[in-house]
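Have a look at the structure below before the remarks.
Chains as they are written, first to last, in my numbering: chain A, 43 to 474; chain B, 43 to 474; chain C, 43 to 474; chain D, 43 to 474.
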């Protein structure tokens with residue numbers, strides 16, 4: 043049986059990305075994936091922002107191979123290990139301390155949803171109240187707690203049980219620019235008759251990646267933080283997809299001077315695609331009983347090896363952040379030019395840093411572009427409740443030439459899509 | 043700051059095992075862990091049964107290093123990869139097919155709790171009913187869905203919200219040998235006035251490891267399966283800790299001729315301590331919509347490398363299983379002799395295969411033995427609602443000499459504990 | 043349109059008793075109902091034990107007409123009224139005080155389910171814990187809280203939402219006489235791994251009327267009360283159907299020397315069929331904020347008029363109780379003789395006081411007897427999860443002759459049913 | 043013990059109105075209550091709109107006494123009775139039919155909360171979906187289902203369990219006049235990522251009486267009905283307090299041409315303060331199984347006697363409605379003049395029909411007026427989340443002179459309150 047047949051026959055029908063990108067990948071390096079035919083695919087998805095430093099980064103790989111070759115301990119639950127201590131020290135010294143953060147680090151299990159589940163438990167334990175405020179089009183994970191703060195109805199329905207103890211509130215600009223959604227939240231919280239009660243916490247993404255690359259302004263986030271303080275609720279930021287430099291700083295919230303009580307981090311933290319997840323929690327809320335939350339894989343040392351090395355390489359000074367910010371401006375400018383050049387596509391550019399996107403009025407366009415890009419050996423995904431948003435998530439280390447190459451392919455694909463759809467007088471391209 | 047100080051200062055207070063085994067581990071090989079002083083610790087815990095094939099098994103390590111050295115793709119979400127196909131093929135050919143199982147393989151995320159959350163969703167979707175039957179002293183995980191089928195109240199309270207849609211039913215022999223708990227379950231299911239309703243599924247561990255090494259008999263499990271069939275409920279086995287050879291066969295249920303609809307597998311499946319988890323689901327229940335359950339780290343290829351290699355090494359024929367069964371008999375016999383020799387300890391031997399345990403009437407004894415063993419450079423854990431059970435989980439590959447060494451240390455520790463506690467006229471040993 | 047047509051056309055299809063007893067009632071007096079044709083029906087149902095003192099008792103009617111004729115206040119919410127004070131005084135002086143009870147009286151709204159909802163709130167507020175233990179085949183009402191402690195699945199399914207925060211435990215003798223269900227409950231409560239947690243209260247009926255006239259022994263109830271005390275849970279008795287003399291004493295629990303923390307009373311308390319309901323709560327648990335539970339009809343004075351008068355008439359000394367106990371013995375003896383005479387009917391007698399019943403192995407018999415009785419102008423209902431129990435609930439004031447007449451009709455009907463079904467060689471009666 | 047002492051000693055501390063109006067009432071006639079001293083109190087509360095036709099209306103009393111004097115059946119569960127048929131016929135012929143409504147009538151139990159619980163069950167059964175949309179500051183009752191659609195947090199907290207399966211949405215003008223709350227609801231419903239999902243129904247009061255006499259416009263209600271139709275949700279109106287003529291028509295919604303799928307009616311339906319409640323449900327949603335919802339007191343015939351007679355007396359033609367509308371205009375005009383005359387009171391007039399109110403900026407004023415009115419022998423209540431609204435609910439039959447007398451007392455009390463509070467230069471009145 044060939045490999046694609048094996049997958050179709052033996053794997054559950056729940057598989058999804060393989061349906062959009064039907065080729066068998068074998069190798070990966072930097073911003074490229076390679077299939078078994080040796081064809082190179084430009085990667086503008088980066089494993090859902092897990093590969094911010096590119097695939098198989100040589101320095102990270104070196105550290106990993108050194109570690110693994112020498113019989114260092116791989117799996118140590120939450121016992122002490124050299125690597126755990128080294129990672130904690132590096133994370134403290136180079137990430138937390140310079141940013142004035144005194145948060146403690148919890149290892150809640152190796153995935154983002156473990157971190158979100160822990161954050162929810164922390165808020166509920168710290169306040170003794172069950173409710174949590176989440177936002178329209180939020181995405182926080184697939185386990186029952188995380189799903190309860192996720193907006194997507196298709197995913198929610200998958201639970202098979204009602205999802206409770208959460209309030210879904212309108213995100214920034216959800217109902218137009220004239221409607222201040224924090225004022226609305228505040229009124230609901232202050233009004234003893236609103237039915238909302240007194241939640242324990244707010245959990246928020248600074249940019250809603252899965253939800254459609256919806257960007258919250260710094261002002262809105264600050265107002266939200268103030269609202270939390272005023273109403274005695276924990277302010278919790280889910281930085282799983284937006285953290286690790288994706289928006290141009292290590293944390294997505296630091297440029298706004300925010301001071302979240304709890305932060306969840308995962309995806310690119312290992313820098314090498316190894317499962318790792320942490321929860322940052324202020325000491326005053328770090329009131330767990332020992333073992334009150336646990337999990338088997340919360341001591342996966344190899345992931346800490348690359349995580350520590352990635353911090354040393356990229357976050358010892360500002361140079362990498364500056365570089366990401368420069369690239370971000372370039373991508374943003376090119377996308378702005380693109381939507382201006384093709385007004386018939388009715389696209390709007392959104393995003394922060396290296397998470398840029400184009401939302402299309404016609405909900406079929408983004409998916410069609412993604413398919414056309416794939417034909418041109420490029421991986422790019424869609425987002426939003428109706429997949430109406432084309433989302434650019436290249437590795438942060440992508441060279442300028444490759445960024446331009448990707449943007450060219452997007453334009454070429456857009457043109458092809460417009461032609462396919464007969465929009466704006468475009469003709470089918472010869473090479474379709 | 044020394045490494046233990048770093049951990050105490052920077053890591054969350056939720057950490058637990060490090061409190062029982064306060065040393066910093068650096069290396070690991072086979073059945074031994076080594077701390078930074080170079081001291082060897084005999085490992086009778088195996089990372090909570092994650093290291094069934096021992097630490098840093100050379101053949102697995104070789105396959106892993108080969109894979110990682112050659113820029114093979116590490117992280118591929120649920121896109122097709124060479125390694126995904128190869129793992130699926132091997133798992134199908136060497137595990138499922140020889141056992142007459144036609145289950146599909148789902149990658150639900152890399153940890154056990156991801157698998158359990160998926161299993162619960164499957165049962166609810168397949169039946170359209172929310173309820174799930176779980177058992178007293180069950181342990182299925184820490185995310186909200188898995189926690190709802192977990193018995194431990196301390197863990198449940200950590201949720202901070204009521205845990206719903208589950209029925210806790212008495213496990214095998216829960217209420218003594220004369221009370222048939224399946225008859226009780228059946229009556230509750232058949233009686234339209236019982237308040238239990240019509241659950242979607244039963245989820246069960248064949249041995250409750252965390253719950254105190256409570257062993258279900260084959261007869262009880264078969265009766266439970268029949269009960270599920272009769273009552274149109276899915277029969278789901280959580281083989282996360284009991285699978286991968288721990289009980290003497292690949293699956294813990296195969297010797298009883300059971301035919302579960304859904305099986306969760308994790309922990310030792312990668313064989314190397316790498317996070318990996320799968321759900322096995324019969325095709326008739328594999329009715330997911332694409333992407334209805336997802337998760338970032340469900341395409342962690344390096345874990346599939348060692349998982350495939352482990353199957354090839356250990357499960358290509360019966361020799362390894364036979365060896366484990368032999369060792370199990372030896373351990374069991376020595377424990378039986380031990381409790382007979384020290385009747386004043388009021389111990390009872392329990393377990394299956396290489397998951398053997400001694401339950402003590404006096405709830406302080408097991409923990410005290412564990413501490414004494416640690417002083418003697420051995421890692422062994424307790425289990426049960428009051429930590430009253432000493433649980434032996436050595437790697438399955440542990441040499442007979444090391445097994446005996448561990449059993450000697452347990453006896454020595456028991457004697458020391460009895461002396462400390464002034465039980466049965468034992469005198470404090472000179473070397474305490 | 044004739045009256046039955048009006049009902050069939052204009053009333054919701056949810057109506058039920060009218061389907062079993064399809065005639066239009068007009069008058070009622072003592073133990074008889076009369077339809078529009080003037081036919082008298084012997085009433086062995088008493089409006090589900092609402093008419094314990096018979097229909098239109100002349101003394102109660104007199105007090106009521108006096109009250110209503112003189113423009114006394116009918117509806118006063120929970121403002122003070124003469125009648126409210128007079129009822130409270132009488133209830134205190136003649137019911138509570140002689141029984142050594144210092145409970146406070148809450149008016150939770152005029153129906154039993156209002157009382158149960160209040161009781162649940164009291165337990166949860168007093169303990170800060172949400173869980174409540176209820177029993178298999180319990181019936182406590184149809185609103186969402188009461189339904190959550192009701193066993194009947196058909197009724198529960200009507201909720202349309204999962205019913206949570208309750209644990210359904212086996213009632214007395216639920217699993218045979220050898221299985222002590224309180225020991226089971228105790229073990230589940232003591233075991234930190236049982237999944238049951240720490241409920242706030244137990245709510246129990248001393249006889250489960252709707253559930254099939256299942257009788258709890260005094261020993262079992264005392265053990266249950268002890269279990270509550272030991273486990274810091276409120277002991278709550280739902281005496282809605284069993285109270286007001288039905289079992290031979292004012293409260294069903296007094297002969298066992300029980301001391302419940304909360305008691306719900308309704309149905310026959312007004313004695314005249316007027317909606318009234320009270321919750322008795324020990325002062326230490328009467329910790330409501332003013333208005334924390336309210337309801338429009340909690341000051342329905344006419345119901346208090348007859349309630350007060352009924353207490354004066356029937357509960358000023360022991361004579362009525364003694365009389366009920368005498369009648370009960372007679373009914374019980376005749377039923378015992380009946381099942382002995384017709385062993386082929388495989389009936390078992392159950393009950394306490396004037397709530398006696400026959401449970402039949404063949405689940406169709408009880409309903410068929412009820413139908414045959416109706417043909418013979420007698421009203422008698424069935425109970426139990428499968429309507430397999432024939433339930434005798436005549437007014438407590440029913441004359442001995444009428445009791446015998448009813449029992450004769452039951453025997454006649456049983457014989458007819460056995461004949462219809464071809465059981466035991468009975469021949470269809472000529473008058474069928 | 044005097045009567046007030048009896049109440050204080052024997053009744054639960056949950057009592058509330060008696061604290062605001064501490065006198066013992068004995069008689070009642072028309073718009074007046076009389077205490078044991080024979081003092082008359084002008085009633086601007088009408089038992090929370092239960093006594094729309096005044097206390098002890100002679101015609102209703104006559105019908106009731108006739109019925110009760112002649113041994114007509116009082117309590118008949120849901121068996122057929124003459125009175126049940128007569129009430130259904132009258133309700134159909136004089137209320138439903140002239141308004142083009144073909145709803146079936148369900149008797150869900152005798153109180154408003156029974157009706158709301160039934161309505162919720164109907165919506166959930168008809169759609170198979172658990173969610174229900176309710177509004178900020180809604181009040182629907184105190185049992186667990188009704189409480190879950192009630193906004194008031196103090197009442198909700200009384201539940202002691204999380205209240206689930208409902209979405210609290212902003213009522214008309216909740217967030218100012220520029221923010222269209224139906225557009226907001228519509229967006230939340232249409233957006234697959236909003237987290238709101240697909241509710242089964244909307245339940246709404248046309249005027250939120252308890253919530254502060256918040257008035258929904260006809261346009262808003264029509265838009266809400268359209269939204270329900272478009273989104274396949276039942277449109278359910280709770281007319282318990284607003285129905286029976288309170289707003290100037292029999293139903294509060296008829297003047298807007300609305301066509302609700304389900305309507306709950308209670309409070310004044312019996313017209314005499316007797317507990318009665320009905321649910322009106324369109325035939326297509328009347329899909330109950332027999333007995334799926336039940337309750338003891340759903341056949342309380344005396345309440346049907348007065349209910350039938352009240353319809354005959356007041357709703358056989360338009361004259362009563364017209365009269366109520368005239369009085370309403372008068373009350374409204376006088377309140378408007380009042381707030382204009384005392385701008386320092388910062389009052390705003392709200393209401394529809396004979397449910398008029400003044401909301402005060404200073405949250406203490408309304409309560410203080412109520413207390414001053416009581417000193418002047420008048421009963422009037424407050425409403426709103428902070429009791430900041432003075433609510434006028436006189437019987438609809440109140441004579442114009444008495445209305446004016448009440449309005450004079452309100453003005454006098456307002457003046458006294460302003461003086462007490464030192465607002466706007468008012469001097470304490472001599473007679474305070």
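Every residue gets a Cβ at the ideal spot worked out from N, C-alpha and C, and that includes glycine.
query: Residue-chain proximity (residue 404 of chain D, chain A), Cβ-Cβ < 8 angstroms; result: no
query: Which listed residue (D:450, D:71, D:362, D:138) has its alpha carbon closest to that of residue 52 of chain C; result: D:138
query: Partner residues on chain A for residue 198 of chain D, Cβ-Cβ distance less than 8 angstroms; result: 237, 239
query: contact_flag[the stretch 454 to 470 of chain A, the stretch 112 to 126 of chain A] where n(CB pairs < 8 angstroms) is 3 or more; result: no
query: Spatial distance of residue 303 of chain D from residue 172 of chain B (CA atoms); result: 28 angstroms
query: Straight-line gap, residue 206 of chain C to residue 189 of chain C (C-alpha atoms, nearest Å); result: 10 angstroms
query: Same chain, Cβ closer than 6 angstroms to residue 157 of chain A, neighbours up to 5 away in sequence not counted; result: 150, 306, 308, 319, 321
query: Residue-level contact to chain D via CB, residue 58 of chain C, 8 angstroms cutoff; result: yes
query: is_contact[residue 246 of chain D, chain C] using C-beta, thresh 8 angstroms; result: no
query: Between the CA atoms of residue 469 of chain C and residue 421 of chain C - distance to the nearest angstrom; result: 24 angstroms
query: Secondary structure of residue 123 of chain A, DSSP reduced to three states; result: strand
query: Neighbouring residues, chain C, relative to residue 182 of chain D (Cβ below 9 angstroms); result: None at all; the shortest Cβ gap to chain C is about 12 angstroms.
query: Near-chain B residues of the stretch 92 to 106 of chain A - C-beta to any C-beta below 8 angstroms; result: 92, 93, 97, 98, 103, 106
query: Exposure of residue 375 of chain D, with buried meaning 16 or more beta-carbon neighbours within 10 Å; result: exposed
query: Spatial distance of residue 214 of chain D from residue 215 of chain A (CA atoms); result: 21 angstroms
query: Inter-residue spacing [alpha-carbon to alpha-carbon] between residue 163 of chain B and residue 348 of chain A; result: 34 angstroms
query: Closer than 8 angstroms to chain B by CB, residue 419 of chain C; result: no
query: Under 8 angstroms by beta carbon: chain C residues contacting residue 52 of chain D; result: 130, 131, 133, 134, 146, 147
query: Three-way DSSP call (helix, strand, coil) for residue 79 of chain B in this model; result: coil
query: Contact with chain A by residue 215 of chain D, beta-carbon distance below 8 angstroms; result: no
query: Supposed contact pair residue 317 of chain D and residue 344 of chain C - C-beta distance, whole angstroms, cut 8 angstroms; result: That belief does not hold up - the Cβ atoms of residue 344 of chain C and residue 317 of chain D are roughly 10 angstroms apart, past 8 angstroms.
query: Own chain, CB closer than 8 angstroms to residue 146 of chain B, minus 5 neighbours either side, in chain order; result: 322, 323, 324, 325, 328
query: Neighbour-count burial assignment, residue 196 of chain D, 16 or more Cβ in a 10 Å radius; result: exposed
query: Beta-carbon proximity of residue 246 of chain A to residue 282 of chain A, cut-off 8 angstroms; result: no
query: Status (buried if at least 16 other CB within 10 Å, exposed otherwise) for residue 473 of chain C; result: With a pLDDT of only 48 at residue 473 of chain C, under 50, the local geometry of the prediction cannot be trusted, and the value read off the model is given with reservation. Exposed, because fewer than 16 other Cβ atoms sit within 10 Å of the Cβ of residue 473 of chain C.
query: Secondary structure of residue 456 of chain B, DSSP reduced to three states; result: helix
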